[in-house]
């Protein structure tokens, strides 16, 4: 089954590269995933959940919106909450196959201990591939939206085709300048940028070897 998926993916790549398809050099100028938007019954309750359980920080939301909501940010991604009275009934069973957002975690034991202390129900799963093991934890937010926490960084990102370029996440650039933070902070920022570029170049070289 795995080989069939790979062959089908390679066939799709070839068809996309046929005459009339968008050339690789015309790739979309996308940067990264910006945010995930959720409808919720209570903005205050959902805000408290994402702040207390997942460590998100409430940030400024544009004042032009005419509906109740909130913006939160952390871990390189935003969560946008929109209050609604028309949500489907909350699911009781936790099904890992449901649609979900996933966060990488460096210490799953600490994560599960925290969920237990907060009396948050969760289920676990394990994925194994080629000697690599990934631990997964699934649970719901107050409105039944599925959340996964995993150490998925254990699995290397290996594209099935070299025809589509892969971009690694880069350091997020905030709108505010860094000059007021002093020379030391600027040097640290430059070092992080250099490290990120070095890792991206290393990743590209690895892809050339694997593919």
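In my numbering, the protein residues as written are 299 to 509.
From the three backbone atoms N, C-alpha and C, an ideal C-beta is built for every residue, glycine too.
This structure is a prediction, so every number in the text was calculated from the model and none was measured.
- Only residues of its own chain outside the window of five on either side were considered, and among them 410, 433, 434, 435, 436 have a CB closer than 8 Å to the CB of residue 422, listed in chain order.
- Put simply, the backbone Cα of residue 439 is about 26 Å away from that of residue 431.
- In the DSSP secondary-structure assignment, residue 355 is bridged to 371.
- For residue 434, the enclosing beta strand (DSSP E) stretches over residues 430-438.
- Contact holds between the region 384-401 and the region 439-450, because three or more Cβ pairs, one in each stretch, are under 8 Å apart.
- Taken through DSSP and simplified to helix, strand or coil, residue 420 comes out as coil.
- C-alpha of residue 463 to C-alpha of residue 454: approximately 16 Å in a straight line.
- By the C-beta criterion, the region 344-361 is judged not to be in contact with the region 323-333, since fewer than 3 inter-stretch pairs fall below 8 Å.
- Contact between residue 406 and residue 449 holds, since their C-beta atoms are separated by about 6 Å, short of 8 Å.
- Annotation: residue 347 is outside any beta strand (DSSP E); the continuous alpha helix (DSSP H) that includes it extends over 341-350.
- With at least 16 other beta carbons inside 10 angstroms of its own, residue 441 counts as buried.
- Taking 7 Å as the cut-off, the beta carbon of residue 380 is found no closer than this to the beta carbon of residue 340.
- Distance from the CA atom of residue 428 to the CA atom of residue 457, rounded to whole angstroms, is 16 Å.
- Residue 414 sits in a helix when the DSSP states are folded into three classes.
- Residue 370 counts as buried, since no fewer than 16 other beta carbons sit within 10 angstroms of its beta carbon.
- The shortest C-alpha to C-alpha distance from residue 354 to any of 416, 376, 328, 364 is the one to 376.
- Sorting 368, 352, 465 by C-alpha distance to the C-alpha of residue 408 places 352 at the top.
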